[in-house]
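Structure first, then comments.
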Amino acid sequence: MPEFNLTFHQLRMASTVVIPLPLATRRWSKSFRIHLILEEDRTSAAVNHPQAQSDVHSHVVQFAISLLPVTATTTGVVLNASNQPSSKGRYFSTSAMDSNHLHHLQRTMQADTLMDPFIRSSFLDMLEKGKVPAPDRLLADDSVSVLTEGSVVLDLKYDDLARMERRVDGDGTSAEEVYRVTAHAQDGSYGFDLDLILPIERGPIHYELDSGAGHSVVPRCDVSGTLRLDAPGLRVVRDGNWRECWRRDQVTGNETESSWISAALQLSHGWDIKLHTLWDVNVLDGSATLRVKKAFLVSPQGKLTICQEYDLEALDTWSSMSTLNDYGTKFKLNIPEMKVELTLNAAFPQQEFGTICEGRAYWKGRVEVTGKLGEDSVDGLGFVEIRPAQYIASLEKYLKRAALLTTLEVSKIYPERLLSPEHAMKTFGFNSTDYVGTSDSGSSAVSNPVSDSSPLRYMQNVSLDILYQHVFAPVRHLINGTGKSWRSYMSMLSISILGCDPEPYRPLVAAIELVHTGTLIIDDIQDESPIRRGVPAVHTVWGLASAINAGEAAYFAFHTAIQSIPDLTAETKLGVLEIFFETMRFAHAGQALDIAGQQQSLLDDILAGKTEPAALERCILSVHRLKTAVVVGNIAKMAALFAGAKSEQTKVLAAQWERVGLAFQIVDDVYDMRRGSQVQNQKEEQRTGNPAQKPLKRRGDDIRSGKISIPIAKAGQMMPLEEAKWVWETVLSKPEDDETTKNVIDKLEEYGVVEKCIEDAQRMVDESWAAVEEHLEDNQAKVFAHALCRYMGEYHSI
Numbered sequence: 006m007p008e009f010n011l012t013f014h015q016l017r018m019a020s021t022v023v024i025p026l027p028l029a030t031r032r033w034s035k036s037f038r039i040h041l042i043l044e045e046d047r048t049s050a051a052v053n054h055p056q057a058q059s060d061v062h063s064h065v066v067q068f069a070i071s072l073l074p075v076t077a078t079t080t081g082v083v084l085n086a087s088n089q090p091s092s093k094g095r096y097f098s099t100s101a102m103d104s105n106h107l108h109h110l111q112r113t114m115q116a117d118t119l120m121d122p123f124i125r126s127s128f129l130d131m132l133e134k135g136k137v138p139a140p141d142r143l144l145a146d147d148s149v150s151v152l153t154e155g156s157v158v159l160d161l162k163y164d165d166l167a168r169m170e171r172r173v174d175g176d177g178t179s180a181e182e183v184y185r186v187t188a189h190a191q192d193g194s195y196g197f198d199l200d201l202i203l204p205i206e207r208g209p210i211h212y213e214l215d216s217g218a219g220h221s222v223v224p225r226c227d228v229s230g231t232l233r234l235d236a237p238g239l240r241v242v243r244d245g246n247w248r249e250c251w252r253r254d255q256v257t258g259n260e261t262e263s264s265w266i267s268a269a270l271q272l273s274h275g276w277d278i279k280l281h282t283l284w285d286v287n288v289l290d291g292s293a294t295l296r297v298k299k300a301f302l303v304s305p306q307g308k309l310t311i312c313q314e315y316d317l318e319a320l321d322t323w324s325s326m327s328t329l330n331d332y333g334t335k336f337k338l339n340i341p342e343m344k345v346e347l348t349l350n351a352a353f354p355q356q357e358f359g360t361i362c363e364g365r366a367y368w369k370g371r372v373e374v375t376g377k378l379g380e381d382s383v384d385g386l387g388f389v390e391i392r393p394a395q396y397i398a399s400l401e402k403y404l405k406r407a408a409l410l411t412t413l414e415v416s417k418i419y420p421e422r423l424l425s426p427e428h429a430m431k432t433f434g435f436n437s438t439d440y441v442g443t444s445d446s447g448s449s450a451v452s453n454p455v456s457d458s459s460p461l462r463y464m465q466n467v468s469l470d471i472l473y474q475h476v477f478a479p480v481r482h483l484i485n486g487t488g489k490s491w492r493s494y495m496s497m498l499s500i501s502i503l504g505c506d507p508e509p510y511r512p513l514v515a516a517i518e519l520v521h522t523g524t525l526i527i528d529d530i531q532d533e534s535p536i537r538r539g540v541p542a543v544h545t546v547w548g549l550a551s552a553i554n555a556g557e558a559a560y561f562a563f564h565t566a567i568q569s570i571p572d573l574t575a576e577t578k579l580g581v582l583e584i585f586f587e588t589m590r591f592a593h594a595g596q597a598l599d600i601a602g603q604q605q606s607l608l609d610d611i612l613a614g615k616t617e618p619a620a621l622e623r624c625i626l627s628v629h630r631l632k633t634a635v636v637v638g639n640i641a642k643m644a645a646l647f648a649g650a651k652s653e654q655t656k657v658l659a660a661q662w663e664r665v666g667l668a669f670q671i672v673d674d675v676y677d678m679r680r681g682s683q684v685q686n687q688k689e690e691q692r693t694g695n696p697a698q699k700p701l702k703r704r705g706d707d708i709r710s711g712k713i714s715i716p717i718a719k720a721g722q723m724m725p726l727e728e729a730k731w732v733w734e735t736v737l738s739k740p741e742d743d744e745t746t747k748n749v750i751d752k753l754e755e756y757g758v759v760e761k762c763i764e765d766a767q768r769m770v771d772e773s774w775a776a777v778e779e780h781l782e783d784n785q786a787k788v789f790a791h792a793l794c795r796y797m798g799e800y801h802s803i
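If you want it as structure tokens, here you go:
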């Protein structure tokens, strides 16, 4: 059996035992980090929430393994692996709770008055059915056992997932304590069986962070045992670190939540560093107040030094497609008092631990450490733990994270500038092998850009600035972070709902946003709209010809984005493109009907008694279905294709999102009648020189443009025909004055037409969710998809 070298680190917990283990090997080029959390005896805080039951003990068990390829020498010393591709990293994790903890979460959410109502109700829908959203799972009843016998014996058992046993020989005066720690995934695919030997001669060091919270750490100990990763057990032998931690229980529903970043580092020459920064973050406005900032340094001789002045700066970040959380992945650490200058580099970014026991998730990542301690060069291993502020008091604000993340992904396809002919060719998605190859003479093809065989001949004598300004700049003008990018967000939710990691499919969010923006540019031309997303419409800035060309060019960015998704089979690419072209055909058909207008002949037939009034609404709904609903439904089809979903899942998920898309369009028509006027912001004033308070989008603009929207179409079903006739004729006359527009809206409100449209949209959402729910995995993405659907069925600016 191969022998492994192990470096053993410890993580934070609430009445918890945590065991992370970075591992290097002599003969197998893999590196591991393992951690285990066993949380026991958690008590609800009935003082803050009278509805919560006090003195309820609950249990949580969590463990994870980080795995990445590394370069190892024959002596077993791990070389720096920070340059390894992140796609090679693998993160295995398990999180489980007992029913008491589920009920604790349920009662806490029931008493919470600050959480976004859509998120809160969606979580409660699942929890009240006795379910927990994956990746968390529920422990079987009576599967947790706790055995203690004074200070000698401790035995914690959590179903078949994890166990921790503590034994002390004889009368307890032995020089060693032994902890046996076992954890295995439910399907047995990964896990570990380890013995931790804690020498008394270097006993625990107590770290107090603030009143009622702290750590007790044995900085170094011996570790041996076996590790399982889709293979027979692999032997583990090395030194390690043991930590017990305690803290006050924090109950959600207060106006602040805790956010922290901590690190534990084992350095060469025997030094250990532990640091912890803790903030109280206001859940309503995001303001943060520093509560704790301490660094603990332990020398090889066991001397403890505490420093309160240090800087931990994030140099690189990673955004999770699953939670929209941002995490640092590379850090610069300076502790001036001890002359510490270190760089902490995450082995790979995707080390997020998803669980509702800590917000939505947190990041526990293995890091490689290099730098200086005093005059000495040091290296080592460690971990960083990041718990961002992620309480969601407003889903609308939360969606801004999706918009920002989408904008970042768009920049990879539509950059801020074209740097060179080579960059321009890459941006346009030119994939010829000649592009990166060499000529027959062996020289680079780039060196002779005008040769007949070089693709760079297409950029010969081309002004890259002009090309950028008339192809890319008009589109980026509208992708300014002011939209919600909900279509892109729902694509990632749909992939996650189906049990697939959305991370490899990041380019899809850019593809969807670019195509959508292209359609907006064309729509504004055809509708003669002067404003879009709070800025002047593209055609008012670049002119009709350039706007049309740029808008249509954005459609082809879809192919460029899909080509950048790694490891797609030819069959999957073909399937996605077939769905895309079907979507574009339907959308153009809907736009054709919208432009042509079928309303006048229908109105004549309705007024003549030849057709029922409901026919007009059905006509408008058919246009909405083609222009919007089919697009959203087909995005779900793409997500299902990427996730390898079953045909029945694909069918019901696409149908559900299609209904939600239709409901959204109805609500969007309502929004035109109930919104306030939009005015140009200060930033736009500086860019254009126009007055900052110039009205850009007014209440009832659809009426002014003569558009028969859903509320207008529904008038004939809920009003006397003569009054409906007045509404229709007034709208078709394209009234320009505010008073006439207001009179039309007031008439519709008087008869309850506008409110009935909202009720119809909400019913569509509820019925579509009821039809799809049983086909989907109970996970966090399902909770947020349900919340998003409900949000879109309400009156909101999306």
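Counting from 6, one number per residue, gives the positions in the sequence shown under the numbering used here. We treat Cβ as the ideally placed atom computed from N, Cα and C, and that holds for glycine.
Going by C-alpha positions, GLY370 is about 47 Å away from VAL675.
DSSP, reduced to helix, strand and coil, places MET678 within a helical segment of the structure shown. In this model, LEU159 and ALA408 are separated by some 50 Å (Cα to Cα). Residue nearest to GLN355 within the set TYR494, GLY333, LEU753 and VAL65 is GLY333 (criterion: CA-CA distance).
Put simply, the backbone Cα of ASN485 is about 7 Å away from that of THR412.
Here VAL389 is not near SER273, since their CB atoms are 8 Å or more apart.
Between ALA650 and ARG171, the alpha-carbon positions lie close to 45 Å from each other.
DSSP places CYS624 within a helical segment (H, G or I) once states are collapsed to three. Per DSSP, reduced to three states, the secondary structure at ASN287 is strand. Less than 8 Å separates the beta-carbon of TYR396 from that of GLU262.
With respect to VAL286, LEU119 sits apart: the two C-beta atoms are not nearer than 8 Å. Under the 10 Å beta carbon count, LYS377 is surrounded by fewer than 16 other beta carbons and is classified as exposed.
Sequence-distant partners of ILE278 (beyond 5 residues in either direction) whose C-beta falls short of 6 Å from its own C-beta, in its chain, are LEU270 and LEU302.
Contact holds between the region 359 to 369 and the region 318 to 338, because three or more Cβ pairs, one in each stretch, are under 8 Å apart. With a beta-carbon spacing of about 6 Å, VAL637 and GLU663 fall inside the 8 Å limit used to define contacts.
Annotated as distal: VAL186 and HIS64, with beta-carbon spacing of 8 Å or more. With fewer than three CB-CB distances shorter than 8 Å, the region 424 to 435 does not count as touching the region 299 to 314. In the DSSP assignment, MET169 falls within the unbroken beta strand (DSSP E) covering 167 to 172.
When beta bridges are read from the DSSP output, GLN271 appears opposite ASP277 and LEU386. The alpha-carbon of ASN350 is positioned some 34 Å away from that of PHE563. By the Cβ rule, the region 762 to 769 does not count as touching the region 738 to 745, because fewer than three pairs are nearer than 8 Å.
In this structure THR294 is not in contact with MET343, their Cβ atoms being roughly 27 Å apart against a cut-off of 8 Å. The beta carbon of ALA634 is closer than 6 Å to those of GLU663, GLY666 and LEU667 in its chain, skipping five residues each way along the sequence. The beta carbon of LEU646 sits closer than 8 Å to the beta carbons of THR577, GLY580, VAL581, ILE584 and THR655 from its chain, once the five residues preceding and following it are set aside; these are given in chain order.
Counting along the chain, the unbroken beta strand (DSSP E) around HIS189 starts and ends at 181 to 189.
Fewer than three Cβ pairs drawn from the region 595 to 612 and the region 544 to 558 lie within less than 8 Å of each other, which leaves the two stretches out of contact. For TYR163, the uninterrupted beta strand (DSSP E) run begins and ends at 158 to 163, by DSSP.
Annotation for PHE591: LEU631 and VAL635 place their beta carbon closer than 6 Å to its own, counting only its chain and skipping 5 residues before and after. Shown here, ASN330 sits in coil according to DSSP, grouped into three states, outside any helix or strand. Per DSSP, GLY359 is not a residue of any alpha helix (DSSP H); the beta strand (DSSP E) it occupies stretches across 357 to 359. Counting along the chain, SER496 sits inside the alpha helix (DSSP H) bounded by residues 491 to 502. In the three-state reduction of the DSSP assignment, LEU582 falls in the helix class, which pools H, G and I. Under the Cβ criterion (8 Å, minimum of three pairs), the region 499 to 511 counts as touching the region 565 to 577. Note on geometry: alpha-carbon atoms of ARG462 and LEU621 lie some 55 Å from one another.
Residues of the same chain with a CB within less than 8 Å of the CB of MET643, apart from the 5 flanking positions on each side, are SER496, LEU513, VAL581, ILE584 and PHE585 in chain order.
With 16 or more other Cβ atoms from the protein chains shown falling within 10 Å of its own Cβ, LEU203 counts as buried.
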